[in-house]
Amino acid sequence: MGLKLDAAYFQQSDVVALAKDLIGKRLVSQIGNIRTSGLITETEAYRGWGDKACHAHLQKKTQRTAVMYQPGGVAYVYLCYGIHHLFNIVTNVKDQADAILIRAIQPDAGIAAMLNRRAKKKAEPGLAAGPGNLTKALGITTKYYGHSLEGSLLFLEDIGLKPDVESRTRIGIDYAGEDALLPWRFVWKEKPCVSKK
DNA sequence: GACAAGATTCGCT
DNA sequence: GCGAATCTTGTCG
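Read left to right, the first sequence gives residues 43 to 239 (the working numbering).
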């Protein structure tokens, strides 16, 4: 078992550094009485201030982004393309709309449940790789929008790993113009990563 | 109240 | 490599 990350950890002010630090942490979900978990292998940072790719940029406050203004340590889950749930971790203090998108994990517990949720039979590298696949494997839905990461259903653990991290440009946000070029995506070296593009 | 677009994925050409 | 699937959210009338 690792050390559970608390709100103080998520309330650090540098969301980019935090996104990098999350690589190698363990993401645990205890949903439907099934415990599934995996090590985070890819993240992306989104900053509320000065980042056009963020849903809450320029202090834009809507029903969907409201939770991003909460103090760090809660989940921001939303539906994309009407099909995929995307899981983010809200960071920084109140009114700083920063968040980190978890793009991929390497499953390490509850793999059978993940296979079941994804309707697959054999374990494969892409089981929980990709923001949409990841939430499906872990059973995360919009039901967990605004859910605290200090609870027992959904949380993160530091298991003492210090992986080699590589920074890349973000993906799938071409509409953000020049901000799409920021090197705010972080991947775990020598792990199979997510990007298809 | 209607319409366009999206932090994606999968299947087919 | 390209396009469909699919529905919530935000913007406009």
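For each residue, glycine too, the CB sits at the ideal point set by N, CA and C.
Residue pairing by DSSP places R210 opposite R227 in a beta bridge. Judged by DSSP secondary structure, L180 falls within the alpha helix (DSSP H) whose first and last residues are 173-180. For the options T183, G202, F52, the alpha carbon positioned closest to that of Y111 is the one of F52.
Of all C-beta pairs linking the region 97-105 to the region 50-70, fewer than three are shorter than 8 angstroms, placing the two stretches out of contact.
In the three-state scheme derived from DSSP, where H, G and I count as helix and E and B as strand, H127 is classed as strand. For the 8 angstroms CB-CB criterion, W230 and T83 form a contact. When DSSP reads this structure, L69 sits in a beta bridge with G80, L198. In this structure, DSSP gives I153 a helical state, which the three-state scheme calls helix.
Short of 7 angstroms from the beta carbon of L143, and not among the five residues preceding or following it, lie these beta carbons of its own chain, in chain order: T85, E86, Y88, L128, N130, P173. The beta carbons of K94 and D221 sit closer together than 8 angstroms.
Between A117 and G188, the alpha-carbon positions lie close to 5 angstroms from each other. Counting of Cβ neighbours within 10 angstroms places T133 among the buried residues, the total reaching 16 or more.
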